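Colleague:
Numbering (mature numbering (1 follows the signal peptide of the UniProt record, and there is no 0)), first residue to last: -31 to -1, 1 to 352.
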């Protein structure tokens, strides 16, 4: 698992200037055009392109999909990539798998018109909003678009949420006598030097989520993240917080026996560490439930527009959504699939337990929270 992949915050509201670069080896337009002149680059649905079969044919003709910042061990992306290639025979090249959402946006703007530009994007929610505002994304409705919850998709279909989870507390039960299950627990003196975040909240999505969840557990709200900073200042002052950023390696070494991270990553730890003799317990804190989803989008100037749209159709198919679930991530279509009876119940049963329906901060609330974090994090954990 990559720390930098979680960096979905830095510069999310900054407008990145598109560089006027000349086209360099751009994909031929005719590869994405049907016999009756329909072009995949302007298709806003498979039906609008002549149907899924026509889209598959055009995508196979392109033969390649360019992606960026997709680690194979992040939420089961390896299985998704392999599944798409096996099903359609289209090769996926993944550049900079450990990159951040900002790296993705930078690649789109700096490589406009070039064949090596990314076709598709996997972005933190605030970055998806920013990219749409910059006019970088192509509107496209996957076949299951109507089933994506209203609050988790752009009305113009330029982006939509795909998979996500809750902030959780992971704990090495062999090194920690009694594993904490709430944020209140984390303040107890027995956890001295043991509590870590996966990254720095000024640039890491999971660490930012950890502070937001701590705020909700400490009397704060989506409008007020300051109690989260105060919580970590207290955690630092009593010696429980460690500045070592949590990774599978630091967990194995015993450097970060308690890790605040997304539940699908912590649950992945548990699976991975079984064979290594570690007993990794995962709990979603009842006093600070914070959820976030990642969004999918298509580069408006994708060099392989048919393959880009077919990739979206695959991710939002029953097969794709259940593969997220097998990676312990909660798919955006989970509720619709439960109703339809197409959800992988075995995989769903393995998810860390949580009650209630998730709610999400607005873009304005996220922006305000990021400003508070940027101004106050270093002071909170200094000394």
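Glycine included, every Cβ here is placed at the ideal spot set by N, Cα and C. Since this is a predicted model, take the numbers as computed values, not measurements.
Tell me whether the beta-carbon of residue 63 lies closer than 7 angstroms to the beta-carbon of residue 36.
Modeller: The residue given as residue 63 occupies position 94 in the chain shown. The residue given as residue 36 occupies position 67 in the chain shown. A contact, by the Cβ cut-off of 7 angstroms.
Colleague: By the 10 Å Cβ neighbour count, where 16 or more other Cβ atoms means buried, how is residue 388 classified, buried or exposed?
Modeller: Here the chain has residues from -31 to 352 only, and residue 388 is not among them.
Colleague: Return helix, strand or coil for residue 33, following the three-state DSSP convention.
Modeller: As a first step, residue 33 is located in the chain shown; it is residue number 64 there, counting from the start. The answer is strand: DSSP assigns residue 33 an E or B state.
Colleague: Using CA atoms only, rank isn't needed, just tell me which of 174, 165, 157 is closest to residue 207.
Modeller: Taking the chain shown and counting its residues from 1, the one referred to as residue 207 is at position 238. Looking at the Cα atoms, 157 is the closest of the given residues.
Colleague: How many whole angstroms separate the CB atoms of residue 279 and residue 132, which I take to be in contact at a CB cut-off of 8 angstroms?
Modeller: Within the chain shown, residue 279 is the residue found at index 310, counting from 1. Within the chain shown, residue 132 is the residue found at index 163, counting from 1. Their Cβ separation, rounded to whole angstroms, is 18 angstroms, which puts residue 279 and residue 132 out of contact at 8 angstroms.
Colleague: May I ask you to list the residues that DSSP assigns as paired with residue 266?
Modeller: Your numbering for residue 266 matches position 297 in the chain shown. Residue 266 pairs with 90, 128.
Colleague: So, at 8 angstroms on beta carbons, what are the nonlocal neighbours of residue 268 in its own chain, with the 5 sequence-adjacent residues on each side left out?
Modeller: The sequence position of residue 268 within the chain shown is 299, counting from 1. Result list for residue 268: 77, 86, 87, 88, 89, 90, 105, 106, 107, 277, in chain order.
Colleague: By Cβ distance below 7 angstroms, which residues in the same chain neighbour residue 287 in space, the five residues on each side in sequence not counted?
Modeller: To locate residue 287, count along the chain shown from 1; it is residue 318. Cβ within range, chain order: 306, 311.
Colleague: Tell me which residues share the same chain as residue 32 and place their Cβ nearer than 7 angstroms to its Cβ, disregarding the 5 neighbours each side in the sequence.
Modeller: Stepping through the chain shown from its first residue, residue 32 is reached at position 63. Correct list, in chain order: 59, 60.
Colleague: Measuring CB atoms only, is the region 141 to 149 touching the region 328 to 339, in the sense that at least three cross pairs come out at less than 8 angstroms?
Modeller: With a cut-off of 8 angstroms, the region 328 to 339 and the region 141 to 149 do not count as touching, because too few Cβ pairs lie within range.
Colleague: Report the option in 123, 163, 154 whose CA atom is closest to the CA atom of residue 263.
Modeller: Looking up residue 263 in the chain shown gives position 294. Out of 123, 163, 154, 123 has the C-alpha closest to the C-alpha of residue 263.
Colleague: Does the beta-carbon of residue 351 have 16 or more other beta-carbons within 10 angstroms, so that it is buried, or is it exposed?
Modeller: Residue mapping note: residue 351 aligns to position 382 of the chain shown, counting from 1. Flag for residue 351 reads exposed.
Colleague: Would you decide whether residue 73 is buried or exposed? Buried here means 16 or more other CB atoms lie within 10 Å of its CB.
Modeller: Numbered from its first residue, the chain shown carries residue 73 at position 104. Result: buried.
Colleague: Provide the residue(s) that pair with residue 300 in DSSP beta bridges, ordered along the chain.
Modeller: One-based indexing of the chain shown puts residue 300 at position 331. Answer by DSSP bridge pairing, in chain order: 132.
Colleague: Tell me the rounded alpha-carbon separation between residue 272 and residue 227.
Modeller: Counting from one through the chain shown, the residue named residue 272 turns up at place 303. Counting from one through the chain shown, the residue named residue 227 turns up at place 258. In a straight line, the C-alpha of residue 272 is about 43 angstroms away from that of residue 227.
Colleague: Would you give the residue range spanned by the beta strand (DSSP E) that residue 166 belongs to?
Modeller: Numbered from 1 along the chain shown, position 197 holds the residue referred to as residue 166. Here the beta strand (DSSP E) through residue 166 covers 164 to 166.
Colleague: In its own chain, which residues sit with a C-beta less than 6 angstroms from the C-beta of residue 198, not counting the 5 before and 5 after it?
Modeller: Translated into the one-based positions of the chain shown, residue 198 becomes position 229. Excluding positions up to five away in sequence, the list reads 345, 349.
Colleague: Check for me: the alpha helix (DSSP H) holding residue 54 runs from which residue to which?
Modeller: The residue given as residue 54 occupies position 85 in the chain shown. Here the alpha helix (DSSP H) through residue 54 covers 46 to 57.
Colleague: In the DSSP assignment, find the beta strand (DSSP E) that holds residue 358 and state where it starts and stops.
Modeller: Here the chain covers residues -31 to 352 and nothing more, so residue 358 does not appear.
Colleague: Give the range of the beta strand (DSSP E) segment to which residue 230 is assigned.
Modeller: Your numbering for residue 230 matches position 261 in the chain shown. Here the beta strand (DSSP E) through residue 230 covers 227 to 231.
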